[in-house]
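The sequence shown begins at 1 in the UniProt record's numbering and counts up one residue at a time. First the structure, in the form of structure tokens, and then the observations on it.
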Amino acid sequence: MIKTLMVDDDYLVRMFLKNITDWEEEGFHIVADVGNGEEALEIVEEFNPELIITDISMPVMNGIELIKEIRKRERQCKIIVLSCHDDFDHVREALKSGADDYILKNSFNKKNIGCILKDLKEKVKENREEIKKKKNLQKFANIGKYEVKNEFLLNVINNKHDYVNIKEKSHLYNIELSFLKSAVISIHLSNKYSSIKECVNKIEIYEKIKEIINNSIEENIKYEFITVNAQEYVVLIEGKNLNKPLCVGKIGHNILESIKNNLKVVPTIAISDICIGKESASNAYRHTKEALKACFYSKENIFYYKSSNRLTINKNISFDRFYSEIKRRAILGDIDGIMEKCIKQISLFEREILPSEHVIKWLKEVDKLLEVKREEEDYAQIKSINEVYEIINTYENHVKRYPYIKAPIKNVIVAQALDYVVKNYVKPISLTTVADELKVNNTYLSRVFKQETEINFTDYLTLCRIDYAKLLLRSTNEKIKYISSKCGFYEYRYFCKIFKKLVGKSPLSYRNELIDV
1 MIKTLMVDDD
11 YLVRMFLKNI
21 TDWEEEGFHI
31 VADVGNGEEA
41 LEIVEEFNPE
51 LIITDISMPV
61 MNGIELIKEI
71 RKRERQCKII
81 VLSCHDDFDH
91 VREALKSGAD
101 DYILKNSFNK
111 KNIGCILKDL
121 KEKVKENREE
131 IKKKKNLQKF
141 ANIGKYEVKN
151 EFLLNVINNK
161 HDYVNIKEKS
171 HLYNIELSFL
181 KSAVISIHLS
191 NKYSSIKECV
201 NKIEIYEKIK
211 EIINNSIEEN
221 IKYEFITVNA
231 QEYVVLIEGK
241 NLNKPLCVGK
251 IGHNILESIK
261 NNLKVVPTIA
271 ISDICIGKES
281 ASNAYRHTKE
291 ALKACFYSKE
301 NIFYYKSSNR
311 LTINKNISFD
321 RFYSEIKRRA
331 ILGDIDGIME
341 KCIKQISLFE
351 REILPSEHVI
361 KWLKEVDKLL
371 EVKREEEDYA
381 QIKSINEVYE
391 IINTYENHVK
401 RYPYIKAPIK
411 NVIVAQALDY
421 VVKNYVKPIS
431 LTTVADELKV
441 NNTYLSRVFK
451 QETEINFTDY
461 LTLCRIDYAK
471 LLLRSTNEKI
481 KYISSKCGFY
491 EYRYFCKIFK
501 KLVGKSPLSY
511 RNELIDV
């Protein structure tokens, strides 16, 4: 619906215009009809119409004065002037003042009204598109200014500009910091606010958090707000008016509470010391990175650089013996032993406060040993040691369990033999084949296999093959002879005989009973 305002000092003309057609049905909503320019301006301020149809000669404020005032106020509406045949000079002045077009009063009749309204609709539609285009251009202009300034400040806190360069460029962006005494507060949001894909949304989040920070910092303290990424924001504070580090801590606490109350999300905040010198900004930002490393082992929300000094950051710990032990236990299928070793190792990480990047690297290696596939993004999402504990508890689902073997396997040769059988039982393998593969005597393998599993090797191989045959009989319509060969039995009669012995019925009976059910 197009909001429309009619302006004419002649009441009868206004009534005629309003009643000549059903404006609402045509898509126009007449917000008001008034008799002079002053009244019209009040309506413009209140309703912001998209279309104004106005006379020129009116008392108090005429149409030309009205047009000039509307354009002065930068109202983006279409203005159509009503004129008579002898008003051409006035019409020309109206168009020069900002009117979009004119219509002769005597052309308003039932015959022409359809064409007039269609033309007006097109004009309003074009105007809407033009306004939308201008808004988008302004948005992108704002984004451009923000991005360039933000990029400069990012380079400053990452020590990519020297002091002379910083001072020269800071004037271009109206930055009032000295960069000789600085403190940094680093704000980390949860994933709820980190999935920002469009620049416009990025600006909106930026403005929302900037407003929170502006309300959290006293007026006499100068600062700049920086977007590091969708999850991290930085407040770079001028240190000249900060008497004590406690001032920075108070600001950080105010920001924390304000974000919790306004965004309904609990951020993690890191606070630097007050740094002095030409690299004070980058040093302060480095402080927050160091302080933030402690959050991996803590449930707190605010972390200070000084308290992080106790962290043992440079740890050159070798995990080779641990990895060898995990590999050995993985071969044995010893999930309890793996869990015990991993939990013990994580407890050591907690005591030593090992940097999180080393813990994640350790976890990746354990995953690799246990053949656990995880995306790189999954590792990036791990933010606490408790999450590492949770991952370790899922290993039970990944470590191999061998069918028909109840007791844990302690002999590595037997575990390797089991693994080989499980992977190759459909092939023409035997005890000798496996012994040759493992480079051991077949008599020795037969003996230790029976000792560990309480079942002889040949029987175990047969059980694996029969289980697979049962699966194929249940899930396919293949001929039984074909299934026999697919399961490693190359003599059909022997397959039928051994199947009946172990299952209690022939392969055909087994399949038919499933069909009947």
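Cβ coordinates follow ideal geometry from the N, Cα and C atoms, glycine included.
Quick check on the burial criterion: 16 or more other C-beta atoms within 10 angstroms. Buried or exposed for residue i?
| i | result |
| --- | --- |
| TYR223 | buried |
| ASP378 | exposed |
| VAL200 | Note that VAL200 has pLDDT 43, beneath the 50 cutoff, so the model's placement of it is unreliable and the number below is only indicative. VAL200 comes out exposed. |
| VAL412 | exposed |
| ILE131 | exposed |
| SER195 | Residue placement at SER195 is flagged as unreliable, the pLDDT there being 42, under the threshold of 50; the coordinate-derived value follows with that caveat. The residue in question, SER195, is exposed, as its Cβ has fewer than 16 Cβ neighbours within 10 Å. |
| ILE2 | buried |
| ILE276 | exposed |
For residue i, collect the residues of the same chain with a Cβ closer than 7 angstroms to its Cβ; drop the 5 residues on either side in sequence, then sort them by chain order.
| i | result |
| --- | --- |
| TYR420 | VAL434, GLU437 |
| GLY114 | none |
Quick test of your reading: residue i and residue j, contact by CB under 8 angstroms. State the CB separation rounded to the nearest angstrom.
| i | j | result |
| --- | --- | --- |
| ILE64 | ILE56 | 6 angstroms |
| GLY252 | ILE185 | 5 angstroms |
| ASP9 | LEU82 | About 11 angstroms; that fails the 8 angstroms criterion. |
| CYS342 | ILE385 | The Cβ separation is near 12 angstroms, so there is no contact. |
| LYS291 | PHE303 | Note on residue identity: the sequence assigns Ala, not Lys, to residue 291. About 4 angstroms; that satisfies the 8 angstroms criterion. |
| ALA415 | LEU370 | Not a contact, Cβ separation roughly 14 angstroms. |
| ILE226 | ILE274 | About 18 angstroms; that fails the 8 angstroms criterion. |
| GLU478 | LEU472 | 6 angstroms |
| ILE187 | ILE237 | Not quite, the Cβ-Cβ distance comes to about 13 angstroms (not below 8 angstroms), so this is no contact. |
| PHE179 | SER280 | 7 angstroms |
| ILE80 | LEU120 | 7 angstroms |
The beta strand (DSSP E) that contains residue i, what's its start and end?
| i | result |
| --- | --- |
| SER83 | 78 to 83 |
| ILE269 | 268 to 271 |
| VAL34 | 28 to 34 |
| HIS188 | 181 to 188 |
Alpha carbons only, please: which of the options is nearest the one belonging to residue i?
| i | options | result |
| --- | --- | --- |
| ASN229 | LEU177, ALA281, LEU153 | LEU153 |
| LEU375 | LEU369, LYS364, ILE385 | In the sequence as presented, Leu is not what sits at residue 375; that position holds Glu. Looking at the Cα atoms, LYS364 is the closest of the given residues. |
| SER272 | SER282, ASN174, ASP33, VAL60 | SER282 |
| LYS486 | ILE466, LYS500, GLY504, LEU502 | ILE466 |
| SER430 | SER170, ILE79, PHE489 | PHE489 |
| LEU418 | ILE455, ILE274, LYS383, HIS398 | ILE455 |
| VAL372 | ILE30, HIS398, TYR482 | HIS398 |
| CYS295 | SER280, ALA469, LEU354 | LEU354 |
| SER298 | LYS123, SER356, VAL148 | SER356 |
| THR268 | VAL366, GLY37, GLU452, ASN301 | ASN301 |
| TYR173 | GLU387, LYS145, LEU180, ALA469 | LYS145 |
| ARG328 | PRO408, TYR444, LEU348 | PRO408 |
| VAL422 | VAL440, CYS464, THR443, SER446 | CYS464 |
| GLN451 | PHE179, TYR305, VAL60, LYS410 | LYS410 |
Tell me the residue span of the alpha helix (DSSP H) that contains residue i.
| i | result |
| --- | --- |
| ILE70 | 63 to 72 |
| PHE225 | Not the alpha helix (DSSP H): PHE225 falls in the beta strand (DSSP E), residues 223 to 227. |
| ILE413 | 412 to 424 |
| THR432 | 431 to 438 |
| residue 518 | The first residue shown for the chain is 1 and the last is 517, placing residue 518 beyond what the model contains. |
| PHE16 | 11 to 19 |
Within its chain, find whatever has a CB closer than 8 angstroms to the CB of residue i; leave out the 5 residues flanking it on each side and keep chain order.
| i | result |
| --- | --- |
| ARG75 | VAL44, ASN48 |
| TYR193 | Its pLDDT being 49, under 50, TYR193 is placed unreliably in this model, and the coordinates cannot settle the point. |
| ILE20 | PHE108, ASN109, LYS110, ILE113 |
| THR4 | TRP23, PHE28, HIS29, ILE30, VAL31, PRO49, GLU50, LEU51, ILE52, ILE53 |
| LYS18 | MET6, ILE30, ASP33 |
| TYR305 | ALA270, ILE271, SER272, ASP273, HIS287, THR288, GLU290, ALA291 |
Kindly list the residues whose CB is nearer than 6 angstroms to the CB of residue i, restricted to its own chain and excluding five residues on each side of it in sequence; keep chain order.
| i | result |
| --- | --- |
| LEU117 | GLU26 |
| LYS278 | TYR163 |
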